[in-house]
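Written out below as structure tokens is the structure these notes cover.
In my numbering, the protein residues as written are 5 to 180.
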């Protein structure tokens, strides 16, 4: 997917400054300041600041709801994360994780293997796709944990992952 223009705006949240990136109609990125893989394959000089696009306004309203403990759905927004077909499958599965719940990388690997008609799937391959999710929070990669209740692998940092789970009232005391 290539567009002539990409737009950006910022949102100040409880977990820090968030960068929103969109086309004229769809959200393609939501990054936590200083996160790993910040901007993905985009470059800052490619972005045009625009706070008036409907998708940007709607994304900010979505985030307002999220951070005030309402439970907005990823399906409330027009999303178009940029990534390989495999990553698209994984990100689609992430959107199905209910608010306030967690799932393991192995659980997702099992589902994706079934979807791809494979006998098994590597949890590491899933972890790589989850880690490169370009629309943090809305596509809830923070809800994925390691085996044995381990709090692992979040591009925004483990402390931000813990904060997001706590916002959703997930008991994080047993997450290592």
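Here a beta-carbon is modelled for each residue, glycine too, at the ideal position from N, C-alpha and C. These figures come from a predicted structure and were not determined experimentally.
- Within the segment 65 to 103, the runs of alpha helix (DSSP H) at least 4 residues long that lie entirely inside it are, in chain order, 89 to 98.
- Partner residues in the beta bridge of residue 148, as assigned by DSSP, are 107.
- Within the DSSP secondary-structure output, residue 131 pairs in no beta bridge.
- The beta carbon of residue 98 sits closer than 8 Å to the beta carbons of 112, 134, 137, 143, 144, 145, 147, 148 from its chain, once the five residues preceding and following it are set aside; these are given in chain order.
- For residue 34, there is no enclosing alpha helix (DSSP H); the residue is part of the beta strand (DSSP E) that begins and ends at 31 to 36.
- Taken through DSSP and simplified to helix, strand or coil, residue 52 comes out as strand.
- About 6 Å separates the beta carbons of residue 62 and residue 81, which is inside the 8 Å limit, making them a contact pair.
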